[in-house]
Amino acid sequence: MASEAAPSNAQVIDLLGKIADLLELEGAQFFRVRAYREATDTIRGLDEPLAALVARGAKLTDLPGIGKELAAKLTEFVTTGKLAYLDQLAEKTPLGLLSVLRVPGLGAKRVRLLYDSLGVTSLEELEEAARNQKLRELPGLGAKIESDILRRLERLRAPD
Numbered sequence: 002m003a004s005e006a007a008p009s010n011a012q013v014i015d016l017l018g019k020i021a022d023l024l025e026l027e028g029a030q031f032f033r034v035r036a037y038r039e040a041t042d043t044i045r046g047l048d049e050p051l052a053a054l055v056a057r058g059a060k061l062t063d064l065p066g067i068g069k070e071l072a073a074k075l076t077e078f079v080t081t082g083k084l085a086y087l088d089q090l091a092e093k094t095p096l097g098l099l100s101v102l103r104v105p106g107l108g109a110k111r112v113r114l115l116y117d118s119l120g121v122t123s124l125e126e127l128e129e130a131a132r133n134q135k136l137r138e139l140p141g142l143g144a145k146i147e148s149d150i151l152r153r154l155e156r157l158r159a160p161d
């Protein structure tokens, strides 16, 4: 990243959150998801940019909750601005599902069900499926949840 600025701590936190969400969507073990979520707390609590720690060769594994693998991923992201692991996860699970996961009441299992059963990969596709009464055909979902989702989508779009 010679010509570009190193990622900010906020960008690192965003990256870790995306990874945790994608792992959750693919059904990864709870402890793996939790490790990424806890790492966001560690980065949030830093007194200086993670990039500065990496630049001076600080041992990231000395930070709470940062193991060897995660330290390597953080170093890769901070030094290159990219993370191959995120690309690998995104190949298995469309990144658009992250926006669907933000709908209140839709957890990872339901979002995965919507994707696997109906091909829903965006808020627009979720809304279309709900308006066409496709959600109620899925196990664990019904007409009430379908109408709740439509209301929640409206609230997400409403200006504050």
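The opening residue of the sequence shown carries number 2 in the numbering used here; numbering runs sequentially from there.
Each residue gets a CB set at the ideal place from its N, CA and C atoms; glycine is no exception.
| Query | Result |
| --- | --- |
| From L102, A6, S118, residue whose alpha carbon lies closest to that of I150 | L102 |
| First and last residue of the uninterrupted alpha helix (DSSP H) at D48 | Segment: none, D48 is in no alpha helix (DSSP H) and carries neither H nor E. |
| Local Cβ density within 10 Å of F78, reported as buried at 16 or more and exposed below that | buried |
| Beta-carbon contacts of V104 that lie in its chain and below 6 Å, excluding the five residues immediately before and after | R153 |
| Collapsed DSSP secondary structure at G234 in the structure displayed | A question about residue 234 goes unanswered here, because the residues of the chain that appear run from 2 up to 161. |
| Three-way DSSP call (helix, strand, coil) for A29 in this model | coil |
| Residue from G58, P160, L16 whose Cα sits closest to the Cα of Y86 | L16 |
| C-alpha distance - G108 paired with L61, whole-angstrom precision | 31 Å |
| Helix, strand or coil at V121 according to DSSP, with G and I counted as helix | coil |
| Rounded Cβ spacing between L75 and V34 (contact assumed at less than 8 Å) | About 17 Å separates the two Cβ atoms, so there is no contact after all. |
| Neighbour-count burial assignment, T81, 16 or more Cβ in a 10 Å radius | exposed |
| G143 beta carbon less than 8 Å from that of T122 | no |
| Which of helix, strand or coil DSSP assigns to N133 | coil |
| Burial state of D22 (16 or more Cβ within 10 Å) | buried |
| Status (buried if at least 16 other CB within 10 Å, exposed otherwise) for A40 | buried |
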